[in-house]
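Residue numbers (the UniProt record's numbering): 1 to 98.
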Amino acid sequence: MEGSGECDPHDMQCAPSSTMGMGMGMGMGTRSWDMKKSFNLALRPLLTACSNQVLTSLHESIEDEFESLCLETQVGAALDTVEQLVEEQSLDPLFSDK
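And the structure:
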């Protein structure tokens, strides 16, 4: 990721605001960001026993596959839609929590 212009999912200063665009290609919403961060945090312990070279290669491959699956299943767009609906409901004075 270094030099690619992407944010490091482990760097909270780089976390996206909820006002970013829809879908993973145009920016990541909070829920998409949280999912990616959780994935990376879960992946780290699985890779600790590997050498640095194997670790780097394997992590990049898994990250690429994860990103591909997210784009293929449009999970980013779905999470952004959920986030937008939750925000709209929180702004709607007629919506009641039950």
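Every residue, glycine too, gets a C-beta built ideally from N, C-alpha and C.
Membership of residue 92 in any alpha helix (DSSP H) is not indicated, and neither H nor E is assigned to it by DSSP. Relative to residue 32, the option among 46, 61, 53 and 82 whose CA is nearest is 82. For the pair of segments examined, the stretch 57 to 77 was found to touch the stretch 32 to 43: the number of CB pairs separated by less than 8 angstroms reaches three.
Annotation for residue 38: the continuous alpha helix (DSSP H) segment containing it runs 30 to 47. Going by DSSP, residue 74 is part of no alpha helix (DSSP H) at all; its letter is neither H nor E.
Nearest neighbour of residue 35 by Cα position, chosen from 95, 76, 90 and 96, turns out to be 76.
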